[in-house]
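Here's the structure, in structure tokens; my notes come after.
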Ligand SMILES: [Zn+2]
């Protein structure tokens, strides 16, 4: 199934952006497989959750950056203290790196995956794709045409939402 990572809803037939499969997602999938709770969903972010997702992604990127700087500083200070103390202690060196690694892992709790693109596009279910290929719907064969066809629709949709909410 194709689901939105935000609202967990099926995105078939909706406008959505696929999530980039990064290392963290692959690890999560492996863990789930090992625990036998894998759902094998394809991950998307739907158009409605795009703004919220982008904010979350920004926060995650910032905390990632902050954590790596902090981890580096902590390791450097601890190694510096070791050097200054004049005795080389392998245990202290190892714990410096363990603390650094721990700080580096912390932002995972705010994890928000990267997206394949910036523009939401209509998602077709696997069966829908097959139907389109057999019929005379030109959208699947010409990506440029798809963009032109969906562009005005998106504009009015956005306008409508703005007027409706605010
Ligand atoms: Zn959603």
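Numbering (our numbering), first residue to last: 640 to 805.
Every residue, glycine too, gets a C-beta built ideally from N, C-alpha and C.
Among the options, nearest to residue i - alpha-carbon criterion
i: residue 699; options: 648, 719, 747; result: 747
i: residue 753; options: 647, 641, 645, 661; result: 661
i: residue 681; options: 645, 742, 706; result: 645
i: residue 663; options: 729, 750, 760; result: 750
Distance cut-off 8 Å: residue i Cβ against heavy atoms of ligand 1
i: residue 684; result: yes
i: residue 705; result: no
i: residue 727; result: no
i: residue 755; result: no
i: residue 650; result: yes
i: residue 688; result: yes
i: residue 645; result: yes
Close Cβ partners of residue i (< 6 Å) along its chain, the five nearest in sequence each way excluded
i: residue 731; result: 721
i: residue 685; result: 643, 650, 653, 655
i: residue 814; result: For residue 814 there is no data in the structure shown, the boundaries of the chain being 640 and 805.
Own chain residues within Cβ distance below 7 Å of residue i, not counting five before or after
i: residue 688; result: 643, 645, 646
i: residue 742; result: 706, 709, 710, 713
i: residue 774; result: Below a pLDDT of 50, predicted positions are generally treated as unreliable, and residue 774, at 42, falls in that range; no measurement from the model is reported.
Close beta carbons around residue i, own chain, < 8 Å, minus the five adjacent residues each side
i: residue 740; result: 710
i: residue 703; result: 746
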